[in-house]
Every structure is written in C-alpha cells, then in structure tokens.
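S.K.: Encoded as structure tokens, here's the structure I'll be asking about.
Chains as they are written, first to last, in this note's numbering: chain Z, 3 to 500; chain U, 125 to 310.
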C-alpha cells in the first residue's frame, strides 16, 4: 500500500498540470462550498464538460478533490448563515448556527475545520488500506434489503431531529418521500405526478430543491426578521476551540468516523445520511441530550466528522462496484465514461495508476483542509460583517445560477423559489427542512431497493429479518420511531391523569 | 376542541389536501408492472397512508399540547419562535414582495435573460431588505453584477439564460461578444 501511495503521490506532484488541477480543486471546492447559494455541485456541473480535455486520472482526481474540500466548505455557510452548502452539512447547522448567534462562530468553524480533516484523512487511510476487502465484504453482505433498512433507519433518525414533534418530523420526511415519487418510477419507468409538465418526467432535481429549501427559505426567514424589526446581526468571534475542548470529544470523533465510513461504503447512501446518523448517534449517546440544537460543539463535531469520513468510503462502491453514492460521485462516473473507462472491479487491474493518484489526492486534499481551512477561517468569519441586505441578493443570484446550470432549465429555478416559499412556511410552523431534503434524496433509493429486495425474497418480508444486518437496522429504526412516539404520548397521559 | 386553534385546523386541512390530491392523481398511473407486484402506485400510496397517520398523530398532539414543543426534541429551527406581526399591513406587504419578487425574476428569465434582469433584481432585493441609500444600492448592485460576470461569464463560461425577446436578447449577445473579445486577449 505504501509503495502504491508513494507512486500515486509522485504522479500527482511530478507533473505541473496535475498539481495545478489539484490546487484548483482544493481551492474551488472550498470556495464554492463556502459561498452561500452555490455548492460544490455547481462547480462540478460547470467543470464536467471541460474534463474531456484532461486525462482520466486528472479528471477523476479533480472531482474527488472537489468532493473532499466542498463537503467541508459547506459547513461554513451552515454555521455562519444557517444555509448548508450541501445536504451533508444540514445537521451541522443544528448546533453551528446557534453557536454563531451566541458569538461562538470561531469555535464552531474551527471545530468543523479540524474534524472535517480528521474524518477525511481517517477515511482516506482506511480506503487506501482496505478498498478491495471492504468491497468484497459489501458485495457478500450488503444487498437491496440492507440498503432499504439503512434508508429506513436514516429516515427514522432524521424524523427525530429538527421538527417540533415526532409527528412533524415524520410529516417532513414523508413530504420529501412523496416529492421524490415525482418523475419515472424506478422499476417500470412509468411517469408519475408530472401534472402535465413534460420536464417533470425526469423528476424534481436535487440541486434546485436543496437550494430552495435551505438557502432561499433562510433568506426569507431573515427578511421576515428585518420586516418585523427582530433581526439581529450575528456576532463575529475569532476564538478557536482549544485542544482540551476537542480532546474531550474524542469518542464522538471516533464514533462519527465509524458511522460515516459505514454509511459511505454503502452504494447510493453517501455523506448526507452519514452526517444525520453521526449527529443522531451523538444525541443518542449523550448524557445531556437537551443541549443539542442549542449550540453544542459536539453536534458540529459529530456531523462534520461523519460527512467527511463518508467521502473516502463513498469511493469504494464507486471504484470497486461502479455504483455512485451521490450526485458528485455520479458525475465522476460520467468522467470515467468520457475517457472510455468503466468504474468497477476491473479498473483496479486496468488502471492502477489512476486509482492511486485519486487516493493520494484525496489524502492530501483532506490534509489541506486543515492548513488552508485554519488560514482562511478568519477571512471567512468576516463575511458576517457584511450587512445582510447586501448579502441576500448575492445569495439569491448565485442560487439562481446554481439551480439553472445543472440541467439548463428555467423550470428548475422556479422549483427552487417554490421550494423556498414552501420551506419558509414549513419552518415557521415547526417542520424540519433537513428531514424533507433527506426524504427527497433517499426516496428513490429507498423505493428502488425495497422493490429489488421484495423481488429477491419473493415478497416474503419475513426474510428481511433473517438477514442480520438488515434486521439490526430495521429494529434500530423501529426503536428510534417508537421512542419518539412514546415521548409524544406519555406526557399527555400524565397530564390527563393529574 | 382541547387546545386546538384555527391555525392547527388549517394546517391539518392543508396536509389532508396534499394526501387527497396525490392519492387522486395516483389513479393516472395505476398500471401493472409485470416484474413487480406492487406496481407504480404501491410505494406512493403507502407513503400517503403514513402521511395521513402522521397528520392524525399531529392533530392529536396539538389537541393535548397546542403548539408546544415535544419534550426531548433537538435541532429545532429558531425561526419558528420569531413570528413577525402580520396584523401590520406594511410588514405583510413587505413579506409578500420579498416572497414573490424572486419568483417573478425566475418567470422572466426565459424572455428577458439573466444578463439584463440581474441588476434590476439585485437592486430591488436590496431595497426590499430595507436599504434606502441610493448610492449604497447602486454601488452594491454594480459590485455584485461584476462579480457575477467575472466569475460565471469570463472565468467559467457558464451557459446562462440569454432571453428570447429583443432588445434583451441583443443585450445578452453584446455581453457575450464582449466576453469573447476579453477571452481573445489571453
């Protein structure tokens, strides 16, 4: 492994063009992740046609680097403006934004920098050491029933955070699931809910919906505060977390690495669910559950470690099985195809130099999060000093471009603004925006794997419980759901008794 | 009525309407799939059934607890506690303008294009957010517009809507011609 890594490193740093592409990916991913309104996906969508001019190794490496640094960059906007740069940063906002309002933005961003780097580096190391055995394990043990069970568990976790009640949590998730059914059904390709719009046959695109629910709705929330005279500018703070503070969270970091890596390794799941699960597990194991969502550093640490830990792991199903784990890894498949390559087991034998350049680049990209992140943090925190009336049009304009660019449809921009209005109303009434987005992202994956799983077991649902991993995940999801419902009913009984 | 109020009932009615509309439209694609027993409607109808149950549970909770937050919930958006006073008409009109201006901008993208529409949109949003100093509005609009042109047109050459009506289309064409001239300088 070390020899391969050194060979990959020398291929990466031995060619000035490859170095320039690497640096562009690192800076571009961080920048597009950290600018509210656009995301790493916007940059990736713009760059995709240009990768035809690069070698296959350079193209895939560029996207892998953007994936690592963009996942971190999205945490900045989540913490400073309550606008997650990507869905995988949504749980970071639960505690990161309250910390900003309390004048602890420096601590939150500092923790995000360090934990993103730790999660990413750990994931890159495991990926380099164990891609092939892990891929083999995944092929043997993970099938559609397990993926469906993990989706169920993930949605149960998402329903337990972010909304005022368990019911509103589930209503949010289910709304996301029903929006995900718009477009062709994943088994028979039958058009569903296109309401007469032919463009809707391809479904609701993730990017506009995510931009609308997160960025646009947050602009509307701030506009409401301005209009109502309750707006207060967030306080800028440059105090970073101390080593002792971070050391106290070592267990949370370790747990999130494991959770993030496990979620990332599963085809189709990706970093979004990893972040939710990392956050959910931090709440579950905490003695002070009530402090989460009010500005607890552990919340930021858990979700940021988990989502970056998933980036390296997400490369395993992509490279070993040819299955992308999210929108950005799906674009990587397109890069492979542009160069007449097919990601899958054969790529390890046919193009080992490509694999190791990508692995080495991901390792160095995660390391550079630490160094560049710490240097740029102070500059980024100054964004808070810009009056919101000047920042809002910039965010809306960038979001418009971000929504339009992926498919070139004005309909997507309209969908984004409708999602923004919907998100604004739902937030005011205590529903969970991250829950809706997770439902939207996992809906198709859940349905597809449920259908494949049912066909596999000849419609005998009991078979799901004879598969240990599947049974464990379903039971964990059911317990999470039951605990939420129990808490919703018990106080009512107590009150009526008294 | 317990602790239910009108807003709870309206909320429940909206969610029930969503369930009813989606259920009604599901008959449009109620086709058999040879290889899959549950067909194209199976999954959405189960989701709708669960949504119906969750709406009923929500109504039951509100009957007992009104708008209270359930014990032990985490990550609740602080914005839900910052309601503006909508009995004040000026606040209401301001919010309606903020909500619908971006939508109108999106609707005008096809005929007008982003190159012509963007500066007006930027200036209007700054004004709607309460800025009244003309100089500040003009300078910020120009700065944002040039950042947009530099990043997405000159550096990234991103394909953006140009409009399909004269003279807006001609203006977009002029911007793109200027960009070509700049690119040729390199």
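Yeah, the Cβ is synthetic: ideal placement off N, Cα and C, and Gly gets one too.
Using DSSP with H/G/I as helix, E/B as strand and the rest coil, what is residue 196 of chain Z?
M.R.: Reduced to three states, the DSSP call for residue 196 of chain Z is coil.
S.K.: Mapping DSSP to helix, strand and coil, what is residue 461 of chain Z?
M.R.: If DSSP states are grouped into helix, strand and coil, residue 461 of chain Z belongs with coil.
S.K.: Answer with buried or exposed for residue 80 of chain Z, where buried requires no fewer than 16 other C-beta atoms within 10 angstroms of its C-beta.
M.R.: Per the 10 Å Cβ criterion, buried.
S.K.: Should residue 289 of chain Z be labelled buried (16 or more other beta-carbon atoms within 10 Å of its own) or exposed?
M.R.: Residue 289 of chain Z comes out exposed.
S.K.: Just by C-beta distance, which residues in the stretch 457-480 of chain Z are closer than 8 Å to chain U?
M.R.: Within the stretch 457-480 of chain Z, the residues whose Cβ lies closer than 8 Å to some Cβ of chain U are 457, 461, listed in chain order.
S.K.: What did DSSP end up calling residue 360 of chain Z once you bin it into helix, strand or coil?
M.R.: Of the three classes helix, strand and coil, the one that applies to residue 360 of chain Z here is helix, per DSSP.
S.K.: Could you tell me the alpha carbon to alpha carbon distance between residue 298 of chain Z and residue 141 of chain Z, rounded to whole angstroms?
M.R.: Approximately 38 Å between the Cα atoms of the pair.
S.K.: If I follow the unbroken alpha helix (DSSP H) through residue 399 of chain Z, where does it start and stop?
M.R.: Segment 390-407, the alpha helix (DSSP H) holding residue 399 of chain Z.
S.K.: For the alpha helix (DSSP H) containing residue 71 of chain Z, name the first residue and the last one.
M.R.: 58-83 is the span of the alpha helix (DSSP H), which, as asked, contains residue 71 of chain Z.
S.K.: From Z:227, Z:473, Z:67, pick the residue whose C-alpha is nearest to that of residue 362 of chain Z; which is it?
M.R.: Out of Z:227, Z:473, Z:67, Z:67 has the C-alpha closest to the C-alpha of residue 362 of chain Z.
S.K.: Within a Cβ cutoff of 8 Å, which residues of the same chain sit near residue 147 of chain Z, ignoring the five residues on either side of it in sequence?
M.R.: If we look at residue 147 of chain Z and ignore the five residues flanking it on each side, its Cβ neighbours are 451, 455, 458, 459, 465, 466, 469, 472.
S.K.: Check the Cβ-Cβ distances between residue 236 of chain U and every residue of chain Z, and say whether any is below 8 Å.
M.R.: Not closer than 8 Å to any Cβ of chain Z, the Cβ of residue 236 of chain U fails to qualify, so no.
S.K.: Assuming residue 400 of chain Z contacts residue 40 of chain Z under a Cβ cut-off of 8 Å, what Cβ separation, rounded to an integer in Å, is found between them?
M.R.: About 5 Å; that satisfies the 8 Å criterion.
S.K.: Which same chain residues end up closer than 6 Å to residue 277 of chain U when comparing Cβ atoms and leaving out the 5 residues on each side of it in sequence?
M.R.: Same-chain partners within the cutoff: 303.
S.K.: Where DSSP assigns a beta bridge to residue 186 of chain Z, which residues make up the other side?
M.R.: According to DSSP, residue 186 of chain Z bridges with Z:193.
S.K.: Look up residue 159 of chain U in the DSSP assignment and say whether it is helix, strand or coil.
M.R.: The answer is coil: DSSP assigns residue 159 of chain U none of H, G, I, E or B.
S.K.: Pair every Cβ in the stretch 52-67 of chain Z with every Cβ in the stretch 196-203 of chain Z, then say whether three or more of these pairs are closer than 8 Å.
M.R.: Too few Cβ pairs lie closer than 8 Å, so no.
S.K.: Is it the case that the Cβ atoms of residue 282 of chain U and residue 403 of chain Z are separated by a distance below 8 Å?
M.R.: It is a contact, given that the beta carbons lie within the stated cut-off.
S.K.: Starting from the N-terminal side, write out each stretch of the alpha helix (DSSP H) that is 4 residues or longer and does not extend beyond the stretch 17-55 of chain Z.
M.R.: Runs found: 18-36, 42-49.
S.K.: What did DSSP end up calling residue 163 of chain Z once you bin it into helix, strand or coil?
M.R.: Strand at residue 163 of chain Z.
S.K.: What residues of chain Z sit near residue 178 of chain U, judged by a beta carbon separation below 7 Å?
M.R.: The answer, in chain order, is 169, 172, 173, 176.
S.K.: Just checking: is the beta-carbon of residue 15 of chain Z within a distance shorter than 8 Å of some beta-carbon in chain U?
M.R.: No, its Cβ sits nowhere closer than 8 Å to a Cβ of chain U.
S.K.: Look at the alpha carbon of residue 234 of chain U and the alpha carbon of residue 412 of chain Z, and state the distance between them as a whole number of angstroms.
M.R.: Straight-line Cα distance between these residues: approximately 7 Å.
S.K.: For my contact list, residue 32 of chain Z and residue 374 of chain Z are in at a C-beta cut-off of 8 Å; report their separation, rounded to the angstrom.
M.R.: With 8 Å as the limit, residue 32 of chain Z and residue 374 of chain Z qualify as a contact, their Cβ atoms being about 7 Å apart.
S.K.: Helix, strand or coil for residue 267 of chain Z, going by three-state DSSP, please let me know.
M.R.: Looking at residue 267 of chain Z - three-state DSSP - the assignment turns out to be helix.
S.K.: Just tell me which of Z:216, Z:61, Z:236 has its CA closest to the CA of residue 76 of chain Z.
M.R.: Per the Cα distances, Z:216.
S.K.: Is the Cβ-Cβ distance between residue 231 of chain Z and residue 434 of chain Z less than 8 Å?
M.R.: Not in contact: residue 231 of chain Z and residue 434 of chain Z (Cβ atoms no closer than 8 Å).
S.K.: Could you tell me whether the stretch 222-237 of chain U touches the stretch 222-237 of chain Z, where touching means 3 or more Cβ pairs closer than 8 Å?
M.R.: Output reads yes: the stretch 222-237 of chain Z touches the stretch 222-237 of chain U.
S.K.: Rounded to the nearest angstrom, what separates residue 193 of chain U and residue 233 of chain Z at their Cα positions?
M.R.: Near 23 Å, if we compare the C-alpha coordinates of residue 233 of chain Z and residue 193 of chain U.
S.K.: State buried or exposed for residue 262 of chain U, treating a residue as buried only when at least 16 other CB atoms are found within 10 Å of its CB.
M.R.: Answer is exposed; the Cβ neighbour count stays below 16.
S.K.: With 8 Å set as the bound, which would you pick, yes or no: does the beta-carbon of residue 3 of chain Z sit closer than that to a beta-carbon of chain U?
M.R.: Chain U contact via Cβ: absent.
S.K.: Whose C-beta lies closer than 8 Å to the C-beta of residue 330 of chain Z among residues of the same chain, with five residues either side of it excluded?
M.R.: Taken in chain order, the residues that qualify are 42, 43, 46, 65, 68, 69, 72.
S.K.: Roughly how many angstroms separate the alpha carbons of residue 190 of chain Z and residue 449 of chain Z, rounded to a whole number?
M.R.: For residue 190 of chain Z and residue 449 of chain Z, the distance between alpha carbons rounds to 12 Å.
S.K.: For residue 209 of chain U, return the contacting residues in chain Z, with the cut-off set at a CB-CB distance below 7 Å.
M.R.: Chain Z residues near residue 209 of chain U: 230.
S.K.: Taking all protein chains shown into account, decide if residue 28 of chain Z is buried (16 or more other Cβ within 10 angstroms of its Cβ) or exposed.
M.R.: Buried: at least 16 other Cβ atoms inside 10 Å.
S.K.: What does residue 257 of chain U touch in chain Z if you count any residue whose Cβ is under 7 Å from its own?
M.R.: In chain order: nothing, as chain Z lies at least about 10 Å away.
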